[in-house]
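> Residue 289 in my numbering sits at position 125 of the sequence shown; the count goes up by one each step and never skips.
Quick reminder that beta carbons are idealized off the backbone N, C-alpha and C, glycines included.
Here you go, one structure.
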Amino acid sequence: MSTPIRAASILPARREDIELHTADGLRLVGELALPADREPVATLICLHPLPTHGGMMDSHVFRKAAWRLPALADLAVLRFNTRGTSSVRGTSEGTFDAGDAERYDVAAAIEYAEFNELPNIWLVGWSFGTDLTLRHGCDPGVVGAILLSPPLRTADDDDLATWAASGRPLTALVPEFDDYLRPDEARRRFAVVPQAEVVAVAGAKHLWVGDAETVLDEIVRRVNPAVPVPLPTTWDGPMETGDASAYADRTVAAFADLPVSKPESH
Numbered sequence: 165m166s167t168p169i170r171a172a173s174i175l176p177a178r179r180e181d182i183e184l185h186t187a188d189g190l191r192l193v194g195e196l197a198l199p200a201d202r203e204p205v206a207t208l209i210c211l212h213p214l215p216t217h218g219g220m221m222d223s224h225v226f227r228k229a230a231w232r233l234p235a236l237a238d239l240a241v242l243r244f245n246t247r248g249t250s251s252v253r254g255t256s257e258g259t260f261d262a263g264d265a266e267r268y269d270v271a272a273a274i275e276y277a278e279f280n281e282l283p284n285i286w287l288v289g290w291s292f293g294t295d296l297t298l299r300h301g302c303d304p305g306v307v308g309a310i311l312l313s314p315p316l317r318t319a320d321d322d323d324l325a326t327w328a329a330s331g332r333p334l335t336a337l338v339p340e341f342d343d344y345l346r347p348d349e350a351r352r353r354f355a356v357v358p359q360a361e362v363v364a365v366a367g368a369k370h371l372w373v374g375d376a377e378t379v380l381d382e383i384v385r386r387v388n389p390a391v392p393v394p395l396p397t398t399w400d401g402p403m404e405t406g407d408a409s410a411y412a413d414r415t416v417a418a419f420a421d422l423p424v425s426k427p428e429s430h
């Protein structure tokens, strides 16, 4: 009997806690989710929103990606906390550096994926994570990148020029009512990258609350086009239920002007 896939649904996968080790000597905590009974077709490395305002590896779109996409789209999903960031998984060593020293975090994630022979590596950045992607992610081991709500806050024209020269696919999913960069301005800014695709998402806002399924469909459409979208909304088979209660305040408060408290780590 088919069961509806809800926000807290966890579909079958091989999941393991992982650690990343940066070139400047830090240990970062994360998780790798793989299809349960087959090899992945492609790999998502998730770069989360601003950690000083609630962003972390469990920010809701990335949590849903890890809980669903190994089963629904044959994808590996690697998510981790950048330096100084906390979630229920734990706290990564180091201190938030506004995207500068985080270059080592991005490199460590790519290196982990390459060392473990994960295929077709794509970066998926969200807000702050899009700046990390644009500034530090144009790596030979990366196939392409998908940007969710890119603010273009610290990434500059030189970073865009680097992506333009690489020829690697770059897709920006831009909410109609984004707080920082809306579709028309995004098209203007990304015009310097000939291969960049700007996708305006009608009715959506920066946090993608209520629009996570649209985001996951657009990711799968590009990373594993053999999978039909929209993705299924029901599942025939075993399913677990996750507890996202530790993050309710962080989802609402993310990107607000005031920092939010960290959940307990364990």
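Find the nearest neighbour of arginine 275 within the set Gly305, Ala262 and Val252, judged by alpha-carbon distance.
It should be pointed out that residue 275 corresponds to glutamate in this sequence rather than to arginine. The candidate whose alpha carbon is nearest that of glutamate 275 is Gly305.
> Which of the three DSSP states is assigned to glutamate 278 in this structure?
Glutamate 278: helix per DSSP, three-state reduction.
> Please work out which residues of its chain come closer than 7 Å, Cβ to Cβ, to alanine 273, disregarding the five sequence neighbours upstream and downstream, and give them in chain order.
Hits under 7 Å: Leu184, Ile209, Leu242 and Phe244.
> In the stretch 305-377, which residue ranges form an unbroken alpha helix (DSSP H) of at least 4 residues, counting only runs that do not cross its ends?
Qualifying alpha helix (DSSP H) stretches, in chain order: 321-330 and 347-354.
> In the DSSP assignment, the beta strand (DSSP E) including leucine 190 goes from what residue to what residue?
Neither: leucine 190 is in no beta strand (DSSP E) and is coded neither H nor E.
> Straight-line CA distance for proline 396 to phenylalanine 260?
Going by the C-alpha atoms only, they are around 38 Å apart.
> Select from Met403, Pro204, Met220 and Ala235 the residue whose C-alpha is nearest the C-alpha of tryptophan 286.
Of the candidates Met403, Pro204, Met220 and Ala235, the one whose C-alpha sits nearest the C-alpha of tryptophan 286 is Pro204.
> Let me make sure I understand the geometry here. Which of Val356, Asp348 and Gln359 has the alpha-carbon closest to that of alanine 366?
Cα-wise, what sits closest to alanine 366 is Asp348.
> Between which residues of its own chain and aspartate 421 is the CB-CB distance below 7 Å, once the five residues before and five after are set aside?
Any reading at aspartate 421 is ruled out, since the residue's pLDDT is 37, under 50, leaving its predicted position unreliable.
> Taking C-alpha atoms, which residue in Leu211, Glu377 and Val384 lies nearest to glycine 293?
Checking every option, the nearest Cα to that of glycine 293 belongs to Leu211.
> Give the straight-line distance between the Cα atoms of glutamate 281 and threonine 207, rounded to the nearest whole angstrom.
Roughly 10 Å between the two C-alpha positions.
> Please work out which residues of its chain come closer than 6 Å, Cβ to Cβ, to leucine 233, disregarding the five sequence neighbours upstream and downstream, and give them in chain order.
Here the set comprises Leu239 and Val241.
> According to DSSP, simplified to helix, strand and coil, what is glycine 293?
The answer is helix: DSSP assigns glycine 293 an H, G or I state.
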